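Residue numbers (the numbering used here), protein chains in the order written: chain A, 242 to 581; chain B, 242 to 581. Shown next, in structure tokens, is the structure this report addresses.
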DNA sequence: TTGAAAGCGCTAACAA
DNA sequence: TTGTTAGCGCTTTCAA
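Now the structure itself:
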């Protein structure tokens, strides 16, 4: 197991002191007026030896590890995985590493993750949380140590106290609902996700002069296919009333897909007897038959944006531009005009 | 921005030397015979001050960063994301961190990722690669520095030269094909994934005394839905011959789902006119109608296993038990006996 | 324009 | 049984 190449070895080979080598390799030659010849010698030696700065030693001095911590609920959710991929894209660009941790939906584990990242001396933390309130103490601990924590696509409740990048849920829901209204639907049910999507749904109705009816709003958020199928079955057995409702803004793709599946199985043709619109843009939304009309969410873009914000903060540009990201309506086969 | 607590501060508070504190906190008190009272004092002080060892400083001394590098093609693929989640599960258990990097299907980027992790001084690397041959130099560089590289669910070609944990593709394909044969199918097409799955498919046929026909094997691996749909269309226009084939072992869920979709659209009932079996156990496989019969792959388990192997290696247990992991047949709606 | 020296926080010989 | 000492490899004044 041969030694890794150190600064001292490069200095030796170049016949320079380690200090000079360090300066040159960190591109501070210009500002300090180091002779071009010296620079050449140093770079040459470094290249010859394939020198790579040891970030551990550097970190000890500079108090910067070049690593950003990421806390996510679950990589198994394609939403999270996509966002993480975005963060990774931006991390490569920024030259930093991503230290990843998952915590399910457990606030206690979330706090543990944050504390663990604190101990690891990451430079910043990107957090996607359903309830950041619970781990506020850990967040504050990080902040106190100078580590920014940025909320990515998280719950809105703490948007005011923490920097964040989020999905414009209201616009997303409005877009989906308006699409259905534009097709001619008037009685549109909504499967609840959160307050903001509900608000968007209501707004779209209001804009079109359609009266809001509470009984058309269906709760019981499903986080598994089985739960979504049950919700769907209950819907057809109840609120749907054999056709009184001609369209559903399902709020999220899992539920939307379940509705399409159950409808098909019950001989209710989609979209002719019932239009269904989801939200998320998950892969399986394109695989149902008919394929799902949905609002694609910019998961990857949010990841990129969040990482960039963190880097900007570390560079001293505290331009805390919190941001709402829009979605994109993908019109596919599950929505159409109601049959008259 | 208050100082973080250091060992020296704990030593001060406990009225002990830093060395002693270090020893106690690293649980080496017993072996060195440090008095119980001293231990108590030290632990108490550490707890009072909320001391957390600085892994950067420790890393500089011990040459261990407590971080494992992970190189994956793309987190957007649920296969990769699931495996990463497994690695994370095991990493938490092992107390180490995961430094994640993606490289697409680009061998050059793969090599860059490996070199980057080398520079970061990770303790081990877990690699999922379609063609590890290309980055063998980078792998050797890591090995030379004492960093093990373990192949997770990768290509088999280099299984002999690198430690690996892989999917038992042959068994998986045999399982899927045998399921169809068991239902009574004799003319079973296969969409190609790799040599081993093909071998498993052939073996199942041979076991049942069914003759292998090359024209039933269909190439053109699809890595996008569109490509898979095209493949499916071509299949129905060609080899299927209006019903000569009663079943397909599609080799991977994306292709299987596309076949089901296209069949449905063309009025070919699944499974009564055509049975379809996939492999992967991807989320969308449960959302097609009918839901897909598939062989679920133990993505998460592979992730766990790979990380554990890496830790075992670092602990000096070089028990290189390379391992083939089996899949699990999930019988759902897309497969049934052929109508006679 | 370059080098010498100190020290980041920790661990591991070696002393005591 | 505990403390002293000497670095790990790097950056950063300060001095030359």
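Just so it is clear, CB atoms sit at the ideal spot from N, CA and C, and this is done for glycine as well. All values reported here derive from a predicted model rather than from experimental measurement.
Report task. Quickly, what does DSSP pair residue 391 of chain B with across the bridge? List them, please. Result -> The residue given as residue 391 of chain B occupies position 150 in the second chain. For residue 391 of chain B, which the question treats as bridged, DSSP gives the partners B/367.
Requested in this report: Look up residue 408 of chain B in the DSSP assignment and give the residues it is bridged to.
Outcome: Locating residue 408 of chain B in the second chain gives position 167, where the first residue counts as 1. Answer by DSSP bridge pairing, in chain order: B/566.
Report task. Note down the Cα distance separating residue 320 of chain B from residue 342 of chain A, rounded to an integer number of angstroms. Result -> By 1-based counting over the second chain, the position of residue 320 of chain B is 79. By 1-based counting over the first chain, the position of residue 342 of chain A is 101. If you take the alpha carbons of residue 320 of chain B and residue 342 of chain A, they lie about 18 Å apart.
Query raised in the report: Nearest CA to the CA of residue 385 of chain B: which residue from B/373, B/410, B/356?
Result: Locating residue 385 of chain B in the second chain gives position 144, counting from the first residue. It is B/356.
Query - Whole-angstrom distance between residue 532 of chain B and residue 510 of chain B, CA atom to CA atom - result: For this step, residue 510 of chain B is matched to residue 269 along the second chain. For this step, residue 532 of chain B is matched to residue 291 along the second chain. Rounded to whole angstroms, residue 510 of chain B to residue 532 of chain B spans 13 Å at the Cα level.
Requested in this report: Tell me, please, whether the CB atom of residue 505 of chain A is closer than 8 Å to any CB atom in chain B?
Outcome: Sequence index remark: in the first chain, residue 505 of chain A carries index 264 (1-based). Closer than 8 Å: yes.
Query - Unbroken alpha helix (DSSP H) run spanning residue 503 of chain A, endpoints - result: If you number the first chain from 1, residue 503 of chain A lands on position 262. First-last of the alpha helix (DSSP H) with residue 503 of chain A: 494-506.
Report task. Return the residues of the stretch 291-313 of chain A that lie within a Cβ-Cβ distance of less than 7 Å from chain B, sorted by chain order. Result -> 293, 295, 296, 297, 298, 300, 301, 306
**Report entry** Interface residues of the stretch 494-528 of chain A facing chain B [CB-CB below 9 Å]
**Finding:** 495, 498, 499, 501, 502, 505, 506, 523, 524, 525, 526, 527, 528
**Report entry** Separation of residue 464 of chain B from residue 480 of chain B, as counted between CA atoms
**Finding:** Numbered from its first residue, the second chain carries residue 480 of chain B at position 239. Numbered from its first residue, the second chain carries residue 464 of chain B at position 223. In a straight line, the C-alpha of residue 480 of chain B is about 21 Å away from that of residue 464 of chain B.
Query - Closest by C-alpha distance to residue 516 of chain B, when choosing among B/287, B/281, B/425 - result: To locate residue 516 of chain B, count along the second chain from 1; it is residue 275. When each option's Cα is compared against that of residue 516 of chain B, the closest is B/425.
**Report entry** 8 Å Cβ cut-off: residues of chain A touching residue 323 of chain B
**Finding:** Start at 1 with the first residue of the second chain, and residue 323 of chain B comes out as number 82. Under the 8 Å cutoff, chain A gives 316, 317.
**Report entry** Contact list for residue 343 of chain A against chain B, beta-carbon separation under 8 Å
**Finding:** By one-based count along the first chain, residue 343 of chain A stands at place 102. Within chain B, the residues near residue 343 of chain A are 326, 329.
Requested in this report: Confirm, please, whether the CB-CB distance from residue 489 of chain B to residue 440 of chain B is below 8 Å.
Outcome: Within the second chain, numbered from 1, the residue matching residue 440 of chain B stands at position 199. Within the second chain, numbered from 1, the residue matching residue 489 of chain B stands at position 248. No. Outside cutoff.
**Report entry** residue 524 of chain B vs residue 371 of chain A beta-carbon contact at 8 Å
**Finding:** Counting from 1 along the second chain, the entry for residue 524 of chain B is found at position 283. Counting from 1 along the first chain, the entry for residue 371 of chain A is found at position 130. No, Cβ-Cβ distance for residue 524 of chain B and residue 371 of chain A is not below 8 Å.
Requested in this report: Identify, in the order they occur along the chain, each residue of the same chain with its Cβ nearer than 7 Å to the Cβ of residue 250 of chain B, setting aside the five sequence neighbours on each side.
Outcome: As a working mapping, residue 250 of chain B is identified with position 9 in the second chain. For residue 250 of chain B, where only same-chain residues beyond five positions count, the Cβ hits under 7 Å are 290.
Report task. Any chance you could list the alpha helix (DSSP H) runs of at least 4 consecutive residues sitting entirely within the stretch 320-380 of chain A, in chain order? Result -> 348-360
Query - Where residue 237 of chain A falls, given that 16 or more other Cβ within 10 Å makes a residue buried - result: Because chain A here runs from 242 to 581, residue 237 of chain A falls outside it and cannot be looked at.
Query raised in the report: So residue 491 of chain A and residue 497 of chain A are in contact, right, with Cβ under 8 Å, and what is the actual spacing, rounded?
Result: Counting from 1 along the first chain, the entry for residue 491 of chain A is found at position 250. Counting from 1 along the first chain, the entry for residue 497 of chain A is found at position 256. Their Cβ separation, rounded to whole angstroms, is 4 Å, which keeps residue 491 of chain A and residue 497 of chain A in contact under 8 Å.
Query raised in the report: Since residue 426 of chain A sits in a beta bridge, which residues does DSSP pair it with?
Result: On the first chain, position 185 is the one that residue 426 of chain A refers to. In the DSSP output, where bridge partners are listed per residue, residue 426 of chain A has none listed.
Query - Reduced DSSP category for residue 441 of chain A - H, G, I as helix; E, B as strand; rest coil - result: As a first step, residue 441 of chain A is located in the first chain; it is residue number 200 there, counting from the start. Of the three classes helix, strand and coil, the one that applies to residue 441 of chain A here is helix, per DSSP.
Requested in this report: Give a yes or no on whether the minimum CB-CB distance between residue 338 of chain B and chain A is below 8 Å.
Outcome: Counting from 1 along the second chain, the entry for residue 338 of chain B is found at position 97. Chain A contact via Cβ: present.
Query - Per-residue DSSP class, three states only, for residue 432 of chain B - result: Taking the first residue of the second chain as 1, we reach residue 432 of chain B at position 191. Strand.
Report task. Sort A/415, A/373, A/259 by Cα distance to residue 536 of chain A and report the nearest one. Result -> As a working note, residue 536 of chain A is residue 295 in the first chain. Measuring from the Cα of residue 536 of chain A, the nearest candidate turns out to be A/415.
Report task. Compare the beta carbon distance of residue 322 of chain A and residue 487 of chain B with 8 Å and say whether it is the shorter of the two. Result -> In the first chain, counting from the first residue as 1, residue 322 of chain A sits at position 81. In the second chain, counting from the first residue as 1, residue 487 of chain B sits at position 246. For residue 322 of chain A and residue 487 of chain B, no; Cβs fall outside 8 Å.
Query - Burial state of residue 346 of chain A, where buried means 16 or more other Cβ atoms lie within 10 Å - result: Your numbering for residue 346 of chain A matches position 105 in the first chain. The residue in question, residue 346 of chain A, is exposed, as its Cβ has fewer than 16 Cβ neighbours within 10 Å.
**Report entry** Other residues of its chain near residue 586 of chain B: CB distance less than 8 Å, five sequence neighbours each side excluded
**Finding:** Residue 586 of chain B is absent from the model: chain B starts at 242 and stops at 581.
Report task. Could you please give the first and the last residue of the uninterrupted alpha helix (DSSP H) stretch that includes residue 313 of chain A? Result -> As a working note, residue 313 of chain A is residue 72 in the first chain. Where residue 313 of chain A is concerned, there is no enclosing alpha helix (DSSP H), although the beta strand (DSSP E) it sits in stretches over 308-313.
Query - Local conformation of residue 571 of chain B per DSSP, three classes - result: Numbered from its first residue, the second chain carries residue 571 of chain B at position 330. It is a strand residue.
Report task. Compute the Euclidean distance between the alpha carbons of residue 520 of chain B and residue 500 of chain A, then round it to the nearest angstrom. Result -> Translated into the one-based positions of the second chain, residue 520 of chain B becomes position 279. Translated into the one-based positions of the first chain, residue 500 of chain A becomes position 259. When rounded, the distance between both Cα atoms is 25 Å.
**Report entry** Where the beta strand (DSSP E) through residue 536 of chain B begins and ends
**Finding:** The residue labelled residue 536 of chain B in the question sits at position 295 within the second chain. From DSSP, the beta strand (DSSP E) with residue 536 of chain B extends over 534-537.
**Report entry** Residue burial classification, residue 361 of chain A (beta-carbon count within 10 angstroms, cutoff 16)
**Finding:** The residue labelled residue 361 of chain A in the question sits at position 120 within the first chain. Residue 361 of chain A should be labelled buried.
Query raised in the report: Which residue from B/336, B/262, B/443, B/559 puts its Cα closest to that of residue 454 of chain B?
Result: Position 213 of the second chain, counted from the first residue, corresponds to residue 454 of chain B. If we check each option's Cα against that of residue 454 of chain B, B/443 comes out closest.
Query raised in the report: Taking contact to mean at least 3 C-beta pairs separated by less than 8 Å, is the stretch 279-296 of chain B in contact with the stretch 322-337 of chain B?
Result: no
Report task. Give a yes or no on whether the minimum CB-CB distance between residue 245 of chain B and chain A is below 8 Å. Result -> Counting from one through the second chain, the residue named residue 245 of chain B turns up at place 4. It does: the Cβ of residue 245 of chain B has a partner Cβ on chain A nearer than 8 Å.
Query raised in the report: Mind checking residue 576 of chain A: buried by the 16 CB within 10 Å criterion, or exposed?
Result: Here residue 576 of chain A corresponds to residue number 335 of the first chain, with the count starting at 1. The residue in question, residue 576 of chain A, is buried, as its Cβ has 16 or more Cβ neighbours within 10 Å.
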